[in-house]
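In the working numbering, the protein residues as written are 1 to 308.
Glycine included, each C-beta is placed from N, C-alpha and C at the ideal position.
Below is one structure, written out as structure tokens; comments come after it.
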Amino acid sequence: MVRANGAVSLRELARVVQTSEVTVRRDVRALEAEGLLDRRHGGAVLPGGFTRESGFPQKSHLATAEKTAIADVAASLVEEGEAIVVGAGTTTQELARRLARVPGLTVVTNSLLVAQALAHANRVEVVMTGGTLRGSNYALVGSGAEQSLQGLRVSRAFLSGSGLTAERGLSTSNMLSASVDRALVQAAAEVVVLADHTKLGTDTMFQTVPTDVITRLVTDEPPPHDERAASELQALADQGVQIAVAGTGQGGVPAEQLPPGVRGRREMPLPVQRGGRMPAGQFRGPGPGGLGPEPLERTARVADLRRR
């Protein structure tokens, strides 16, 4: 499966071979010792995966249930009439499919897949960057893409990537993609990162969004006994990142097993100021259009990961 897809999650391996993730993790460790693959947090990749980036066909088959759940939560953050930017990736493509139902939305993107998902959406305006087409992920990159984003200001940026750590933030394996993602971040008042559990704790070559710039992380529930994922979430929360955990119904870590400060509860995540907690029910980030504060009134079936 790793050879065919470039990468695979432990959860998917366990499902296919009908065994526990504990057994799969032990087998993956043995295969890594033989040089047949490289372990990544929550999964495995072909050797040399630190610099290698899987193409769209491979990525589209990884963590599909997790990406769907993450996209559902991320879409609930978007208000009618907002202007946002959406980066390239299979998770952001899932998000775009849900954004098609938000009226009055303006979406700026460098992703052909995102644009395609919104092409026939009623009352959604799609603005594409310029640039050179990068065929492996159907994204526009290069100076043309970056220059077209200059002077732009929107309320939120939704980005994915190849890895996410509390130390370096979001990263990717390709220099051109990283450069465009940084330009997307510069255009937004808030940055929302979409990353499934297989990317937590993974560090790749090019940093795109430092941790202190990430406003929110939307992820899925870590697999049982995945202490590293829970620790990474705790470290991100400690640095002030608002974290929402989307349930997939696939047996993730129960809330009581997450570390203090990262608890699963089915409601909107409590916004946290850098260095402290905000008063309940208030969010001093930008509202629609990035013009000022908005009340936090909506609830959703997501996890509130609170400092304890």
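Between the C-alpha atoms of residue 86 and residue 236 there is a straight-line separation of about 22 Å. Counting of Cβ neighbours within 10 angstroms places residue 212 among the exposed residues, the total staying below 16. Between residue 184 and residue 149, the gap from beta carbon to beta carbon is short of 8 Å. For residue 167, there is no enclosing alpha helix (DSSP H), as DSSP gives it neither H nor E.
Under the Cβ criterion (8 Å, minimum of three pairs), the segment 160 to 167 counts as touching the segment 189 to 208. Using a Cβ-Cβ distance cut-off of 8 Å, the segment 167 to 177 and the segment 122 to 130 are not in contact, since fewer than three pairs of beta carbons, one from each stretch, lie closer than that value. Scanning its chain for C-beta atoms nearer than 8 Å, with the 5 sequence neighbours on each side dropped, one finds around residue 138 the residues 56, 88, 111, 112 and 113, in chain order. Straight-line measurement puts the Cα of residue 26 at about 33 Å from the Cα of residue 72.
For residue 72, the uninterrupted alpha helix (DSSP H) run begins and ends at 64 to 75, by DSSP. Residue 116: member of the alpha helix (DSSP H) spanning 112 to 118, first to last residue. Counting the other Cβ atoms within 10 Å of the Cβ of residue 215 gives 16 or more, which makes it buried.
Nearest to residue 65 by C-alpha distance, out of 91, 182 and 136, is 91. Taking the CA atoms as reference points, residue 219 sits about 17 Å from residue 78.
According to the DSSP assignment, residue 156 belongs to the beta strand (DSSP E) that extends over 154 to 159. About 4 Å separates the CB atoms of residue 187 and residue 152; that is less than 8 Å, so the two are in contact.
In this chain, residue 218 is not harboured by any alpha helix (DSSP H); it is covered by the beta strand (DSSP E) spanning 216 to 220. Spanning the alpha carbons of residue 115 and residue 96 requires a straight line of approximately 8 Å. The shortest CA-to-CA distance from residue 240 to any of 172, 232 and 93 is the one to 232. Residue 20 is not bridged by DSSP to any residue. The straight-line gap separating the alpha-carbon atoms of residue 157 and residue 82 is approximately 11 Å. Put simply, the backbone Cα of residue 24 is about 42 Å away from that of residue 155. Assigned with DSSP and collapsed to three states, residue 144 falls in helix. When secondary structure is reduced to three states using DSSP, residue 105 falls in the strand class. In this chain, the beta strand (DSSP E) harbouring residue 134 covers 132 to 134.
Collapsing the DSSP output to three states places residue 175 in a helix.
For residue 146, the CB contacts under 7 Å within the same chain, skipping 5 residues up- and downstream, are 179, 180 and 183 in chain order. Annotation: residue 144 to residue 207 spans about 20 Å, alpha carbon to alpha carbon.
Looking only at 105, 69 and 94, the smallest Cα-Cα distance to residue 80 is reached by 105. Of the other Cβ atoms in all chains shown, 16 or more fall within 10 Å of the Cβ of residue 117; this residue is therefore buried. DSSP places residue 194 in the strand class (E or B) of the three-state scheme.
Distances from the alpha-carbon of residue 31 to those of 44, 19, 21 and 22 put 44 closest.
Cβ-Cβ distances below 7 Å link residue 70 to 91, 194, 196, 218, 219, 220 and 246 in the same chain, with the five nearest sequence neighbours on each side left out; the list follows chain order.
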